Each structure stands twice: as C-alpha cells, then as structure tokens.
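Enquirer: So for the sequence shown, the numbering used here puts the first residue at 24; every next one is plus one.
I have a structure I would like to understand better, so I am pasting it below and will then ask my questions one at a time.
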Amino acid sequence: MEEEFNNSGLSSQNIAEMDGKYLTFWTDQQLFGVPIADVVQIVGIQQITVIPDFPAYAKGIINLRGTIIPVIDIRLRFRKPETQYNERTCIIVSNIHENAVGLIVDAVDEVTDIDDSSISLPPKMSSKDQHASFLTGIGKLEQKIVLLLDISKILSENEFELLAQETAAI
Numbered sequence: 024m025e026e027e028f029n030n031s032g033l034s035s036q037n038i039a040e041m042d043g044k045y046l047t048f049w050t051d052q053q054l055f056g057v058p059i060a061d062v063v064q065i066v067g068i069q070q071i072t073v074i075p076d077f078p079a080y081a082k083g084i085i086n087l088r089g090t091i092i093p094v095i096d097i098r099l100r101f102r103k104p105e106t107q108y109n110e111r112t113c114i115i116v117s118n119i120h121e122n123a124v125g126l127i128v129d130a131v132d133e134v135t136d137i138d139d140s141s142i143s144l145p146p147k148m149s150s151k152d153q154h155a156s157f158l159t160g161i162g163k164l165e166q167k168i169v170l171l172l173d174i175s176k177i178l179s180e181n182e183f184e185l186l187a188q189e190t191a192a193i
C-alpha cells in the first residue's frame with residue numbers, strides 16, 4: 024500500500040478544498056483524525072532501522088526513496104500497549120516543522136469530511152493532561168467518534184528537536 028498526497032506547494036484554492044477533510048486511522052481500537060493537508064503520503068509498514076538512544080516511542084528511521092524519515096509509533100506515544108505490526112499497519116508521513124516524520128498507526132480508515140458543526144472541543148481534564156495538548160477536537164461521524172489531532176503537537180518542541188538532530192546526524 025502506498026498512497027501519495029502531494030501537499031507541497033499548495034495554492035490557497037487547494038487548501039480551501041481540503042478544509043474539513045480528515046484522514047482517519049485506528050490505533051488501539053480508537054479512531055483518530057488528522058487534517059488531510061497535514062498528510063504527505065501513506066505507506067505500508069516497512070523495514071525500520073533502530074537508532075540507539077531514541078525515545079521508546081520513536082521506533083527508528085526508514086529510507087523512503089532516498090529520504091531518511093524518523094518514525095514514531097502512535098500507540099507508544101499515547102502510552103498504549105505495544106502490538107505486533109501486521110499487513111494493515113501503516114506509516115502516515117507528515118511534515119512537522121518542515122521535516123518529514125512517519126507516524127505508525129494500526130490501520131488507515133478513510134478520508135472523510137467532518138463539518139465544523141460536527142466538531143466539539145475536547146474535554147479539559149487538567150492543565151497537565153498530555154493528550155489534551157494535541158487533541159484539537161472531537162468529531163462526530165454517523166455512529167463514530169473521531170479524536171482530532173494536531174500532528175505538530177504530538178511531540179513537544181524539545182522532543183522534536185532531539186529527534187530531528189539525531190536523524191540529521193545519520
């Protein structure tokens with residue numbers, strides 16, 4: 024499986040057309056969504072090179088057509104139990120702070136429209152709630168609830184900087 028979303032060099036018209044469109048994916052039996060404008064491409068799971076001293080959730084790097092990309096297991100990042108990768112496991116490649124990063128998810132669901140009127144603010148548990156920092160809303164789709172994420176906030180600035188430095192050194 025390899026699906027390319029050429030989201031580089033977008034015009035304002037293209038961005039407007041993507042408004043309200045989300046890529047949904049499953050992780051630990053929960054449905055998450057990210058704005059389609061944040062997705063560069065989706066690839067099947069592939070050989071991951073483990074890098075010493077990477078945090079546990081950063082599984083290592085992949086070589087995607089000559090580009091070295093760090094990959095993060097979303098399950099581990101969200102403190103969920105680790106699971107064996109299978110044929111449905113995918114890597115969602117995104118640009119975070121102008122650097123390509125791969126997000127390992129259990130399975131990609133679909134690209135769907137979620138109207139602003141179907142999105143609620145996430146509940147505020149506490150100021151220290153880590154999930155709340157990257158959860159931007161709760162989308163309602165027929166019988167499904169979609170937790171909407173801000174990909175750029177899945178890693179703190181310090182975590183991202185560390186990951187980018189380690190990857191650049193390779």
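We treat Cβ as the ideally placed atom computed from N, Cα and C, and that holds for glycine.
These figures come from a predicted structure and were not determined experimentally.
Give every residue of the same chain whose Cβ lies closer than 7 Å to the Cβ of D138, excluding the five residues on either side of it in the sequence, and list them in chain order.
Expert: If we look at D138 and ignore the five residues flanking it on each side, its Cβ neighbours are G43.
Enquirer: Where DSSP assigns a beta bridge to Y45, which residues make up the other side?
Expert: DSSP output for Y45 lists P58, T135 as bridge partner(s).
Enquirer: Have a look at V107 and P145 and give me their C-alpha separation to the nearest angstrom.
Expert: The identity of residue 107 in the sequence shown is Gln, whereas the question assumes Val. Near 30 Å, if we compare the C-alpha coordinates of P145 and Q107.
Enquirer: Measuring straight from C-alpha to C-alpha, what distance separates Q69 and V124?
Expert: One C-alpha to the other measures close to 14 Å.
Enquirer: Rank F48, V73, L54, Q52 by C-alpha distance to the C-alpha of V62 and give the top, closest one.
Expert: Nearest of F48, V73, L54, Q52 to V62, Cα basis: F48.
Enquirer: Mind checking R111: buried by the 16 CB within 10 Å criterion, or exposed?
Expert: By the neighbour-count rule (16 or more Cβ atoms within 10 Å), R111 is not buried but exposed.
Enquirer: For F55 and F157, what's the separation of their Cα atoms in angstroms?
Expert: When rounded, the distance between both Cα atoms is 12 Å.
Enquirer: Is the beta carbon of L126 less than 8 Å from the beta carbon of I95?
Expert: Contact flag set, yes.
Enquirer: Among I59, L178, T72, which residue has its Cα nearest to the Cα of N86?
Expert: If we check each option's Cα against that of N86, T72 comes out closest.
Enquirer: Since I believe V128 is in contact with I97 (beta carbons under 8 Å), could you give me their beta-carbon distance rounded to a whole number of angstroms?
Expert: So it is a contact: roughly 5 Å between Cβ atoms.
Enquirer: Could you say which of Q166, L172, K147 lies nearest to T159 if we only look at CA atoms?
Expert: Taking only the C-alpha atoms, the option nearest T159 is L172.
Enquirer: Starting from I97, trace the beta strand (DSSP E) both ways and give me its first and last residue.
Expert: I97 -> not in any beta strand (DSSP E); alpha helix (DSSP H) instead, spanning 97 to 100.
Enquirer: When you compare each of I84, I174, Y80 to K103 by their alpha carbons, which one comes out closest?
Expert: It is Y80 whose Cα lies nearest to the Cα of K103.
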